[in-house]
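Protein chains in written order, with full-length UniProt numbering: chain A, 1 to 178; chain B, 1 to 239; chain C, 1 to 503. Every residue gets a Cβ at the ideal spot worked out from N, C-alpha and C, and that includes glycine.
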Amino acid sequence: MSTSHVLLGLLAAGSQHGYELKRAHDTRLPRAKPLAFGQVYATLGRLQRDGLVVSAGQEREAGPDRTAYTLTDQGRAALTGWLAAVEPPMPYVTSALFTKVAVALLVADLNAARSYLVAQARAHTERLRELTAVKTAPASSLADVVAVDYVIAHLDADLRWLRTTLARVADWHREVHP
Amino acid sequence: MSGLQAHGVVRSYGPTPALRGVSLDVAEGEIVAVTGPSGCGKSTLLHCLAGILRPDVGEVHWRGERIDTWPEAARSRLRRTEFGVLFQFGQLVPELTAAENVALPLLLAGTGRRGAGRAAREWLDRLGVAHLADVRPGAMSGGQQQRCATARALVTGPRVLFADEPTGALDTLGGEEVLTRLVHLAREQGTTIVLVTHEPRIAAYADREVMLRDGVVDPTGLGLDEPLVPVAGPGAVAR
Amino acid sequence: MTPVVALRLALAGNRTDTVRVVLTALSAALAALAALAALTVLAVPTPPGGRGVNNAEQYSNALLREPGLRGGTAVALLLLAVPVLALAGQCVRLGAPARDRRLAAFRLAGATPGQVAALVAVEAGLAGLLGTLVGLGTYLAGRVLLHRPDGRGLLPLPTDVLPSPSAIAAVVLGLPVLAGLAGVVLLRRVTATPLGVVRRVRRERPPGPWAGLLIAAGVAAYGLLVPVGRWYAARDQDPPAVLEPLLMLGGGLAALVGVVVGTGWLSHTAGRLLHRWGRGPATLLAARRLTADPWAGSRTLAALLAAVIVGAGAAGLRASMLADMTANRAIGQSFAASDDFYLNTMDLVDRAVQVAVALAAGGLVVALVEGIVARRRTYAALVASGVPRSVIGRSVAWQALAPAVPATVLALAVGLLLTWTTGGRPRSYGGQTAQVCPGDAAGCADPSALRTVWVPESVVTPELPWGQLAGVGATALAAVLVTVGVGLLFLRTSTAVEELRTG
């Protein structure tokens, strides 16, 4: 996920300074990894250098944290382009889960691979239950539910994969060590 | 002793064993998912727990009383007062409107027509289908029917709700909405839920998952053929 | 599709299908028997000669002896086939959901609508053929077994004649063809789509007012019989030969259809009243089903109501005959033998009505069981949620009786009205001299023993046959009650928890 594009999106509503941008980011993208201030300013600096944002003057008190930023036309174009671009649908198999099982079969025995799969499935199930509880909690907002749903769908897919792989791992082991 | 317990329940359909000695302890207010591949006996276990079926061998206890030996009339009364049931589909009476379907258990309990009707509409409202009160099931979507069925299962304020694949006939969103409301209402009222499902995602709504395999509880919970020697427990999960 | 494949697929059914085939065959056998009996009566040769000398003297029963009565006897026998056919119509619906699914699966597997229709026709036709062959066998065996001449060599039944071979063939082959066609017509909605059976949801439409109009027309047709006769008599003419039978047949049909349509209205009204005033879940369930499909009642009760109408009409006729006999006796024109003949004939009619009621009850059982079996999933879910079976049982009973009671009363009233419009009028007699014989029959042979007396003018009013009407009504309602009882036996298996398995 590109932090710079998120910041461009947040600036599309009007000029804001760094602190406001960080707050808006954490509200609009609940349960995402919180943004560090340093990262906000570093990103803003890069965007300014590339001409996508400009500083729109400072407020009464001086200091770098009170600088407000505004989207340039070029920045708006970059944002629109990014929004319209389709993300490549998983061009490579890059899952840590998959890699770990494959390596486990290479260097360790079948039991190790299997134990890893079981432990991972249990951890996934536990996390799935935690996130589902968020959905049924009365205080959850729709943004929470939508965010959590995204992860639930992925955990669910992982779990299915873990279970089918658990059923196939013995055959796979025979294929690796004929 | 409180809650619901099964002790060594065995049940066969003719020569085919469905349950081969299942023990289960469900605390009050707990939501337990019973999962497993199809044909593992999970529906049969639910039917035995709810007093719909009698086990061939074994016992079922509710709040310290053995209920599987009760006569059918007594178990019927238990099912319409302290228990509620929710199935996959086809449980609404097609000729009755949604409100009448929901009011049915109350009418059976002797509540007057007016009072039952009011309570029915209230529950339909809680499940977000108040606008369908005067509609017959045939004119509703599957999800709407299931919400009405949920209202009917909850209208008597049951202590335990038995749900057998309640979302099985619904699409993902429809199923989630039914379950979210069901679990939310159950937690609010302290209702125990026994939820039979084969989907991990639905089972995640429960506090705990019990997996059945070939008529017995699968201790590994993952359908493994042989027990494992763990080399990395859940505590050793890499971050 | 080769015939062998068609046969194999047509016979690939479950136990309910077997029951349906057996019942269809049984009704075909009964219908064939009735038709063959009627044909036999018609096959009795009429000796040459005019009225009075052309009797078939080999029979002990006047119904067979007199050519003028044989036609009516044959029609009565054929009419017995009507409730049988109604029974067959109900049998076709037995196990329909399972069969519909099976046929839909054939369509999904690529069968054309024509092929599926052919399968249905083959199944129904074969069952019908089996039945008519059994009927033919029974008929031929009965001919031999019942050929019992009495002391004077007279036959109680026409066991000495056979219908023509072509007529027999027409019955034995024609009924199965009819059965096959009926099966296809009844299943036309199924054969249309491979995606299961989408039964159209019946609109909740209370039947219109034309039940009353039809009944009124029927009664009026019978009421016209006497004035029309008088009108022609006043002009010294005979009415056209077809006029009276036409009025009677048309009037009877109109009244029957009127009552059956009226039953739809009665069902709907009974449902509305039950819904409004009923207490408890049993009446609510029954009320909603009655209003949801008010025509179910008329469909299932039609045969029974037809029998009740005939029974009530016969009761009226008997009362009218009794009044005539009283009047005749008073003026000395009574002949005990002919009185007995007429009353015996009425007994036969009453017996036929009882048989018809029994057959109609059979149809009712099939319809009721089918209704319960078709709803087994809902019922099983209700029982699982703690609804006692007795509540469902009561709702089934309400649903059967709520339309049956008023419909039976209506049918009794209409049946009675049909004959009562003419038969119920007071007869005035007397005001004339009559010759009476004071002694016994032997003494009366001597003309000198006769006395001439003055009979004062007086009036005999036929008595309303309350007793017999009550008897017919009670028989019909008893049949419905027995039916409900049998249906409830099926409730237990239909609410078993196995019905809940999602498969």
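Is it true that the CB of residue j sits closer than 8 Å to the CB of residue i?
i: Ala384 of chain C; j: Val85 of chain B; result: yes
i: Thr283 of chain C; j: Trp398 of chain C; result: yes
i: Leu108 of chain B; j: Arg80 of chain B; result: yes
i: Pro465 of chain C; j: Gly423 of chain C; result: no
i: Val259 of chain C; j: Ile309 of chain C; result: yes
i: Val120 of chain C; j: Gly183 of chain C; result: yes
i: Leu52 of chain A; j: Gln16 of chain A; result: no
i: Ala380 of chain C; j: Ala496 of chain C; result: yes
i: Val228 of chain C; j: Pro239 of chain C; result: yes
i: Ala286 of chain C; j: Leu273 of chain C; result: no
i: Leu146 of chain C; j: Leu157 of chain C; result: yes
i: Thr3 of chain A; j: Leu29 of chain A; result: no
Is residue i buried or exposed, if buried means 16 or more other CB atoms sit within 10 Å of its CB?
i: Ala18 of chain B; result: buried
i: Lys135 of chain A; result: buried
i: Tyr116 of chain A; result: buried
i: Thr16 of chain B; result: exposed
i: Gly218 of chain C; result: buried
i: Val103 of chain A; result: exposed
i: Tyr19 of chain A; result: exposed
i: Val6 of chain A; result: buried
i: Pro45 of chain C; result: exposed
i: Gly33 of chain C; result: Going by the sequence as given, residue 33 of chain C is Leu instead of Gly. Under this definition Leu33 of chain C is a buried residue.
i: Val198 of chain C; result: Because Val198 of chain C sits at a pLDDT of 49, beneath the cut-off of 50, its placement in the model cannot be relied upon, and the following sentence gives the value as read from the coordinates. Val198 of chain C is exposed by the Cβ-count criterion.
i: Asn101 of chain B; result: buried
i: Thr164 of chain A; result: exposed
i: Met90 of chain A; result: exposed
For residue i, list the residues DSSP reports as bridge partners.
i: Phe490 of chain C; result: Its beta-bridge partners do not exist; DSSP assigns none.
i: Thr35 of chain B; result: B:Met211
i: Leu161 of chain B; result: B:Gly84 and B:Ile193
i: Val60 of chain B; result: B:Ala6
i: Glu65 of chain B; result: B:Trp62
i: Gln432 of chain C; result: C:Val455
i: Ala68 of chain A; result: A:His17
i: Tyr59 of chain C; result: C:Leu155
i: Ser385 of chain C; result: Looking at the DSSP assignment, Ser385 of chain C forms no beta bridge with any residue, so it has no partner.
i: Tyr13 of chain B; result: B:Thr16
i: Arg427 of chain C; result: C:Val460
Which residues in chain B have a C-beta closer than 8 Å to the C-beta of residue i? List them in chain order.
i: Thr493 of chain C; result: By Cβ distance, chain B contributes nothing, its closest Cβ being about 14 Å from Thr493 of chain C, past 8 Å.
i: Arg272 of chain C; result: Chain B residues near Arg272 of chain C: none, gap ~13 Å exceeds 8 Å.
i: Pro281 of chain C; result: Leu104, Leu107 and Leu108
i: Ser385 of chain C; result: Arg79, Arg80, Gly84, Val85, Gln91, Pro105, Arg152 and Ala153
So which residues of chain B does residue i contact, with C-beta pairs closer than 7 Å?
i: Lys135 of chain A; result: Thr180
i: Ala35 of chain C; result: Ordered by position in chain B, no residue passes the 7 Å Cβ test against Ala35 of chain C, which lies about 40 Å from the chain.
i: Asp156 of chain A; result: Pro200 and Arg201
i: Arg101 of chain C; result: Result: empty, since nearest Cβ-Cβ is about 14 Å, beyond 7 Å.
i: Arg129 of chain A; result: Ala204
i: Val391 of chain C; result: Leu108
i: Leu35 of chain A; result: Residues of chain B passing the Cβ test: none, with the nearest at roughly 20 Å.
List the residues of chain B that residue i touches, going by C-beta distances under 9 Å, in chain order.
i: Pro138 of chain A; result: His184, Arg187 and Glu188
i: Thr378 of chain C; result: Gly90, Gln91, Leu92, Val93 and Pro94
Go to residue i, then tell me how far its alpha helix (DSSP H) extends in each direction, as first and last residue.
i: Ala139 of chain A; result: That residue, Ala139 of chain A, is in no alpha helix (DSSP H); it is neither H nor E in DSSP.
i: Leu410 of chain C; result: Arg389 to Gly423
i: Thr44 of chain B; result: Lys42 to Leu49
i: Ser95 of chain A; result: That residue, Ser95 of chain A, is in no alpha helix (DSSP H); it is neither H nor E in DSSP.
i: Thr263 of chain C; result: Leu243 to Trp277
i: His5 of chain A; result: Thr3 to Leu11
i: Ser141 of chain B; result: Careful: Ser141 of chain B lies outside any alpha helix (DSSP H) and carries neither H nor E.
i: Gly280 of chain C; result: Gly280 to Ala292
i: Tyr139 of chain C; result: Pro113 to Leu145
From what residue to what residue does the beta strand (DSSP E) around residue i run?
i: Ala18 of chain B; result: Thr16 to Val26
Is there a Cβ of chain E sitting closer than 8 Å to that of residue i, yes or no?
i: Ala292 of chain C; result: Absence of chain E from the displayed structure is noted, the protein chains being A, B and C.
For residue i, which residues in chain C fall below 8 Å Cβ to Cβ?
i: Ala73 of chain B; result: Pro388
i: Glu100 of chain B; result: Leu284 and Arg288
Going along chain C in order, which residues have a C-beta closer than 7 Å to the C-beta of residue i?
i: Ser76 of chain B; result: Gly386 and Pro388
Hey, would you say the C-beta of residue i is under 7 Å away from at least one heavy atom of the ligand PLP?
i: Leu46 of chain B; result: The ligand PLP is absent from the structure shown, which contains no ligand whatsoever.
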